[in-house]
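Undergrad: Got a structure here, written out as structure tokens. Questions coming.
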Amino acid sequence: DRRLANIASFAPNISFGPTGGASGTSTSISISGAPSYDTVVLLDGAEISDPYFGGGTTVYLEDAIEETQVLTAGVSARYGRFQGGVINAITKSGGNEFDASLRYSFWQQDWDSQSPAGESQSDELNETYQATVGGFILKDRLWFFGGYREIPGSSTTSLTSTTQESYTTSTSEEGSQRTLKGA
């Protein structure tokens, strides 16, 4: 999993807090012992923190991240509201060389081990397609970078535990990211 919180977990002074996580995760990241919701997550200087559970929402392409910085102590007040620390991600912006990536990921729930409770697992194949490209328009002056991700839609039908009524959950995600920078 290439989420920013999982990347930040390799830094010192990081733990996973008791706060329930967003997006279905069971825990959230805690920096310097502060509550998970007091961690600030930035993407190119803009805050993308989840104000209730901490961590950052996935509004970026993983292959478009150039650098992830984790600030755990002695953090400047310019970063604003936080008690524990700051996770700061910087996206790629192109350069004097052409660079591209193409990624296809697939995963299936029944490939994971089952808990002792023996819950059922789906055999539906989950696929993700992602591509990025970057380079120069004018060497040493003007660069570009772009990316695209598509997660094909899927639907899951489940039953409620008490009333045994069925409900359907549908997911579909498509996104793009573009950058144009000049010197």
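Quick note, this note's numbering runs 1363 ahead of the 1-based positions in the sequence shown.
The beta-carbon is built from N, C-alpha and C at its ideal position, and this holds for glycine as well.
All figures in this text were calculated on a predicted structure; none of them were measured in a lab.
Comparing alpha-carbon positions, which option in Leu-1501, Tyr-1492 and Phe-1499 lies nearest Gly-1510?
TA: The residue labelled residue 1510 in the question sits at position 147 within the sequence shown. When each option's Cα is compared against that of Gly-1510, the closest is Tyr-1492.
Undergrad: If I follow the unbroken alpha helix (DSSP H) through Ile-1370, where does it start and stop?
TA: By 1-based counting over the sequence shown, the position of residue 1370 is 7. Run containing Ile-1370: 1367 to 1371, per the alpha helix (DSSP H) assignment.
Undergrad: Residue range of the beta strand (DSSP E) that Glu-1425 falls in?
TA: In the sequence shown, the residue the question calls residue 1425 occupies position 62. Taken as a continuous stretch (DSSP letters only), Glu-1425 belongs to no beta strand (DSSP E), as it is neither H nor E.
Undergrad: Leaving out five residues before and five after Phe-1461 in sequence, what residues of the same chain have Cβ atoms less than 8 Å from its Cβ?
TA: Taking the first residue of the sequence shown as 1, we reach residue 1461 at position 98. Only Val-1496, Gly-1497, Gly-1498 and Phe-1499 meet the Cβ criterion.
Undergrad: Closer than 6 Å by C-beta to Glu-1430: which residues in its own chain qualify, once you throw out the five before and the five after it? Chain order, please.
TA: Counting from 1 along the sequence shown, the entry for residue 1430 is found at position 67. Hits under 6 Å: Ile-1453.
Undergrad: According to the neighbour-count rule (16 or more other Cβ atoms, all chains shown, within 10 Å of its Cβ), is Tyr-1423 buried or exposed?
TA: One-based indexing of the sequence shown puts residue 1423 at position 60. By the 10 Å Cβ count, Tyr-1423 comes out buried.
Undergrad: DSSP three-state label for Gln-1472, please.
TA: As a working note, residue 1472 is residue 109 in the sequence shown. Note: Gln-1472 maps to helix in three-state DSSP.
Undergrad: Should Trp-1506 go down as buried or exposed, given a rule of 16 or more other Cβ atoms within 10 Å for buried?
TA: For this step, residue 1506 is matched to residue 143 along the sequence shown. The residue in question, Trp-1506, is buried, as its Cβ has 16 or more Cβ neighbours within 10 Å.
Undergrad: What does the alpha-carbon distance come out to for the pair Gly-1387 and Asp-1413?
TA: Locating residue 1387 in the sequence shown gives position 24, where the first residue counts as 1. Locating residue 1413 in the sequence shown gives position 50, where the first residue counts as 1. Its pLDDT being 43, under 50, Gly-1387 is placed unreliably in this model, and the value from its coordinates should be taken loosely. Near 13 Å, if we compare the C-alpha coordinates of Asp-1413 and Gly-1387.
Undergrad: Mind checking Ile-1526: buried by the 16 CB within 10 Å criterion, or exposed?
TA: Start at 1 with the first residue of the sequence shown, and residue 1526 comes out as number 163. For the record, residue 1526 in the displayed sequence is Thr; it is not Ile. Result: exposed.
Undergrad: Ignore the nearest five residues each way along the sequence and tell me which others in Asp-1473's own chain have a CB closer than 8 Å to its CB.
TA: On the sequence shown, residue 1473 is found 110 positions in, with the first residue counted as 1. Around Asp-1473: Gln-1484, Ser-1485 and Asp-1486.
Undergrad: Cα separation between Gly-1384 and Glu-1410?
TA: Counted from its first residue, the sequence shown places residue 1384 at position 21. Counted from its first residue, the sequence shown places residue 1410 at position 47. Residue confidence is low: Gly-1384 scores 47 on pLDDT, short of 50, so the model does not pin down where it sits. No coordinate-derived value is stated.
Undergrad: Skipping 5 residues on each side, what residues in its chain have a beta carbon closer than 7 Å to that of Leu-1367?
TA: Taking the sequence shown and counting its residues from 1, the one referred to as residue 1367 is at position 4. Val-1404, Gly-1419, Thr-1431, Ile-1450 and Ala-1452, listed in sequence order.
Undergrad: Do Asp-1503 and Asn-1459 have their beta-carbon atoms positioned less than 8 Å apart in this structure?
TA: Against the sequence shown, residue 1459 aligns to sequence position 96. Against the sequence shown, residue 1503 aligns to sequence position 140. Against a cut-off of 8 Å, the Cβ pair of Asp-1503 and Asn-1459 comes out as a contact.
Undergrad: Whole angstroms are fine: how far does the CA of Ala-1494 sit from the CA of Leu-1501?
TA: Here residue 1501 refers to the residue found at position 138 of the sequence shown. Here residue 1494 refers to the residue found at position 131 of the sequence shown. Each residue's Cα considered, the two are about 23 Å apart.
Undergrad: State the start and end residues of the unbroken beta strand (DSSP E) segment that holds Ser-1393.
TA: Within the sequence shown, residue 1393 is the residue found at index 30, counting from 1. Here the beta strand (DSSP E) through Ser-1393 covers 1391 to 1394.
Undergrad: Which residues mark the beginning and the end of the beta strand (DSSP E) in which Gly-1497 is found?
TA: As a position in the sequence shown, residue 1497 is number 134, starting the count at 1. That run of the beta strand (DSSP E) goes 1488 to 1501.
Undergrad: Ignoring anything shorter than 4 residues, give me the alpha helix (DSSP H) runs that lie fully in the stretch 1436 to 1467, in order along the chain.
TA: You should have found no qualifying run.
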